[in-house]
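Visitor:
In the numbering used here, the protein residues as written are 1 to 171.
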């Protein structure tokens, strides 16, 4: 069928790279690039927020979920989470309320920029819900422990001594 052929095609590094790079090249070389610049900043801050969350969860696991160790992470996480979302909502409201007609290819606002703004806003909401769900559902209680000696995540094999996870190579 089509799905296996598509899957094999996407495993080719050149086809996958071309498919990933084409939309960005088209957007970067169009007149709407200025409308996407603010979104670049928002997504950059979103990556910073994800990094803080990841490090915070790791530190929680390392210190057996003693929340005192992540207190320095809370203010920046709240700041980033609140203001990324607020800025995105303000941008969306501004773009939807402008009297200039929206189209696909001119400057601000454009349909692609508004669509991308909604997608980024949904990612912010998803990250918030994922973190809340992780702790509220108790999933954190089933995570593997972290070695105090090396800081590596241990395996969760039943009935055996916990061992460090093997290193994963790239290629």
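Think of the CB as a built atom: it goes at the ideal place given N, C-alpha and C, for glycine as much as any other residue.
How many angstroms separate the CA atom of residue 88 from the CA atom of residue 69?
Guide: As a position in the chain shown, residue 88 is number 88, starting the count at 1. As a position in the chain shown, residue 69 is number 69, starting the count at 1. Roughly 31 Å separates the two Cα atoms.
Visitor: Give a yes or no on whether the C-beta atoms belonging to residue 52 and residue 120 are separated by under 8 Å.
Guide: By one-based count along the chain shown, residue 52 stands at place 52. By one-based count along the chain shown, residue 120 stands at place 120. Their beta carbons are not under 8 Å apart, which means residue 52 does not touch residue 120 by this criterion.
Visitor: To the nearest whole angstrom, what separates the beta carbons of residue 116 and residue 36, a pair I think is in contact under 8 Å?
Guide: Within the chain shown, the letter at position 116 stands for residue 116. Within the chain shown, the letter at position 36 stands for residue 36. About 7 Å separates the two Cβ atoms, so the contact holds.
Visitor: Bridge partners for residue 146 per DSSP, in chain order?
Guide: Along the chain shown, one-based indexing puts residue 146 at 146. According to DSSP, residue 146 bridges with 153.
Visitor: When you compare only the Cα positions, how much space is there between residue 81 and residue 17?
Guide: Locating residue 81 in the chain shown gives position 81, counting from the first residue. Locating residue 17 in the chain shown gives position 17, counting from the first residue. If you take the alpha carbons of residue 81 and residue 17, they lie about 31 Å apart.
Visitor: In terms of residues, what are the limits of the alpha helix (DSSP H) holding residue 67?
Guide: Residue mapping note: residue 67 aligns to position 67 of the chain shown, counting from 1. Per DSSP, residue 67 belongs to no alpha helix (DSSP H) and is neither H nor E.
Visitor: Would you kindly check if the distance between the Cβ of residue 84 and the Cβ of residue 42 is under 8 Å?
Guide: For this step, residue 42 is matched to residue 42 along the chain shown. For this step, residue 84 is matched to residue 84 along the chain shown. Cβ distance < 8 Å, so residue 42 and residue 84 count as in contact.
Visitor: Please report how far the alpha carbon of residue 123 lies from the alpha carbon of residue 135, in whole angstroms.
Guide: Working through the chain shown from its first residue, we reach residue 123 at position 123. Working through the chain shown from its first residue, we reach residue 135 at position 135. Their Cα atoms are separated by approximately 19 Å.
Visitor: Look at the Cβ atom of residue 151, then the Cβ atom of residue 62, and state whether they are nearer than 8 Å.
Guide: For the purposes of this step, residue 151 is identified with residue 151 of the chain shown, where counting begins at 1. For the purposes of this step, residue 62 is identified with residue 62 of the chain shown, where counting begins at 1. It is a contact, given that the beta carbons lie within the stated cut-off.
Visitor: For residue 137, does the three-state DSSP call read helix, strand or coil?
Guide: Numbered from 1 along the chain shown, position 137 holds the residue referred to as residue 137. Looking at residue 137 - three-state DSSP - the assignment turns out to be coil, as it is neither helix nor strand.
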